[in-house]
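Residue numbers (the numbering used here): 271 to 855.
Step one of this worksheet: look at the structure below.
Printed below as a string of C-alpha cells:
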C-alpha cells in the first residue's frame, strides 16, 4: 500500500511513478505537483494536483480530456483500457451491457464526439461509493449532450478531478470516517416518499412521519437524548457533563419539495448526527450541549406555509396557520392530530435565547458557485431576503382567429411582458435575482386568447433595501403593463423574509475549522432561504455549505454531492465543535 509518507519521501521520478494511474496518460500533472511537497495531508495532495490542472493551458487540459477512453467504447472492447479505467467501468457493469444498452452508448458516444470533439467523461463511481447503474450513466450522458461545448469542457475537467480523487483514495487506502454513512442514510430516507415516481416528502404525510421516526432512531444510536415535539421537529441532544451548560444548536429540515433531491435539508441533519455518533463512540463530551434539530417543515409544499418547524422553536409560529387546508381539504390542525401531535402544545416549543450559544447549519449549496470555484466547502456570509407574490391577471377570452391584435386583452401576453420586466430589472442589482417559477393559463385552449393567467414572483437579494427597491419597481411596472393592456390584476403577498447576516464571530471559527482540514476558507452568499433565517431572530447563526454536483442542480432528482465532500464537511464541523469558543461578552 502506498502512503503519504512514501509520496513525500520519494524522488521526483518515484513520485510520478507512484501516481502514474491517477490522471489518464498524463504524467505531467504529477511532475508539476511534486515541487509542492511535502504534503501535510491527503487533502493537501489532492488540492496540489487539482491546482496544476487548473493552471494548465487550454491545450493541455483538452489533451487530458482526450486521453480518456469512451465509456463502453472501442478501447474497452479491445481490452486496451488502463487498469484503473477497466475497474471503474466494470464497477458500473459497463462490461455487461445488453445489446440495446451497448447500442445506445455507442450512439451517444458518436453524437457526443461529433458535437464536442472529445470523449464523454463521467466518474462512474457514484456518490455513495457504489458504481452508477448503466441507466444512470445513459441518463446523464443524454442530459449532458444538450450542453454547450464550453460548459462540457468545464464539466469534463470536474469529472476528471473526481475520478482522480477516487483513484487517490484507492491508492492510499483512504477510509472515509463519515461520508459513506451520511450518503447511505440519505439513500435510506429517499426511499420513503409521498410519490411512487420521485422523492416528495410533505408535512405530516406517512412518508414524513416515517422519516421522523428513522431520524429519532439514528439520534438515539448516536447517544443523544431524543424527542419529537408538537410540531414534528425531531430533537436530539448530545448532553454535556458540565454543570449549567448551554446549547449549541444545528440542524435543518427533513421535508422536501415535490420531485426533490436527497440532500437538501437532510444533509444538515445526517451530518451532525454522524459527528455526534463519533463523539459518543469515543466517549468524548463537549463543554456544551450539542443539539441537532430536524425541522419538520421548511418548504411549504402541503400547506403553503414555510418554516413551520423553526418558527415554532423561535416562538414565532403563527397559530392561525393551523386552519390552513391542503389540496384535499385537510386542515393542518387535523393533520397534526392524525399524526398524534397536540397543536395546543406548539407554543411551549419556543426556546429561551439565554440558553443558546448559537446556531450553525450545514447545507448543500444548491447552486454552482463552489463547484465552479473548485471549493468543497464554503462559509456563508448572509442569507438573502425574499419577497414572494402570486399575480392573477384577468383579460378577456375571445376567438384567436377573429380578434385583431390591437383589440385584444390577452392575459398571457401581459404575463410574458411581466416576466421580461423581472428579468431586466433583476439584472441591475448586486446579489439580486428575480424568478417567475410558476405560470398557468386556466382553461387555456389553442384557439382562444388567454382570458386569465396566474404567475408567481420571487425576488431575492442580500440587501433588504436592494430587494425592496426591485420589488417596488417591478410592481409599478406590472401596474403600468396591465393598465396599458386593459388587464385586471390581483397581487397577493405570499412571503416577505428579511435578509439574515451570519455572525462574524461564528464565521471566523468556521473559517479556522475549514483551515484545519486543509482547505482555504471561501465565503459566499446564500441565495436560498434556510431555517437559519428563522433562527437568527433568537440567536447568532452561521452556515457551512458543501459543494453541489451536477452543475449545481438542486430541488431536483439530479441533485448530488460526494461522500468525500460530506466527509470533509463532517471533519470541519467536528473541528469547529472541539475548538468552539462562546461569544465574548
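Ideal Cβ positions, reconstructed from N, Cα and C, are used throughout, including at glycine.
For clarity, every value in this text was computed on a predicted model and none was experimentally measured.
Query: Cut-off 8 angstroms between Cβ atoms - residues of its own chain near residue 826, not counting five sequence neighbours on either side; Result: 529, 530, 531
Query: Segment contact flag, the segment 497-508 with the segment 415-435, C-beta cutoff 8 angstroms, min 3 pairs; Result: no
Query: Opposing strand residues paired with residue 703 [DSSP bridges]; Result: 730
Query: Buried versus exposed, by CB contacts within 10 Å (16 or more), residue 779; Result: buried
Query: Other residues of its chain near residue 340: CB distance less than 6 angstroms, five sequence neighbours each side excluded; Result: 379, 389
Query: Limits of the alpha helix (DSSP H) - the one that residue 385 falls within; Result: 369-386
Query: Closer than 6 angstroms: residue 703 CB and nearest the ligand NAD heavy atom; Result: No copy of the ligand NAD occurs in the structure displayed, which carries no ligand at all.
Query: Boundaries (first-last residue) of the alpha helix (DSSP H) holding residue 427; Result: 419-441
Query: Among 793, 734, 616, nearest to residue 769 - alpha-carbon criterion; Result: 734
Query: CB of residue 844 within 7 angstroms of CB of residue 630, strictly; Result: no
Query: Stretch-stretch touch, CB-based, cutoff 8 angstroms, three pairs: the segment 803-821 with the segment 592-599; Result: no
Query: Residue nearest to residue 763 in terms of C-alpha spacing, selected from 657, 836, 700; Result: 657
Query: Which listed residue (292, 284, 313) has its alpha carbon closest to that of residue 786; Result: 313
Query: CB contact flag (residue 492, residue 455, <7 angstroms); Result: no
Query: Reference residue 445; option with closest CA among 318, 292, 847, 833; Result: 833
Query: Minimum length 4: unbroken alpha helix (DSSP H) runs contained in the segment 750-818; Result: 774-786, 801-805
Query: Paired residues, beta bridge with residue 629 - DSSP; Result: 519, 811
Query: 8 angstroms CB neighbourhood of residue 408 in its chain, flanking five on each side removed; Result: 371, 374, 375, 378
Query: Residues that DSSP places opposite residue 506 in a beta bridge; Result: 496, 562
Query: Residues bridged to residue 710 [DSSP beta-bridge criterion]; Result: 724
Query: Beta-carbon contacts of residue 615 that lie in its chain and below 6 angstroms, excluding the five residues immediately before and after; Result: 500
Query: Segment contact, 8 angstroms Cβ cut-off, at least three pairs: the segment 594-611 with the segment 467-480; Result: yes
Query: Helix, strand or coil at residue 651 [DSSP, three-state]; Result: strand
Query: For residue 664, three-class secondary structure by DSSP; Result: strand
Query: Best match in 282, 274, 325, 848 for proximity to residue 311 [C-alpha to C-alpha]; Result: 274
Query: Residue span of the alpha helix (DSSP H) that contains residue 298, given as start and end; Result: 298-303
Query: Reduced DSSP category for residue 532 - H, G, I as helix; E, B as strand; rest coil; Result: coil
Query: Residue 277 versus residue 522 - alpha carbon distance; Result: 40 angstroms
Query: Residue environment, residue 636, which counts as buried when at least 16 other CB atoms sit within 10 Å; Result: buried
Query: Cut-off 6 angstroms between Cβ atoms - residues of its own chain near residue 297, not counting five sequence neighbours on either side; Result: 286
Query: Straight-line Cα distance separating residue 323 from residue 330; Result: 9 angstroms
Query: Residue 272 and residue 442 closer than 7 angstroms at C-beta; Result: yes
Query: Nearest candidate by alpha-carbon position, reference residue 736, set 654, 490, 665; Result: 654
Query: Sequence-distant residues of its chain with Cβ nearer than 7 angstroms to residue 687 (five each side left out); Result: 751
Query: C-alpha gap between residue 761 and residue 338, whole angstroms; Result: 54 angstroms
Query: Alpha-carbon spacing of residue 395 relative to residue 428, whole angstroms; Result: 14 angstroms
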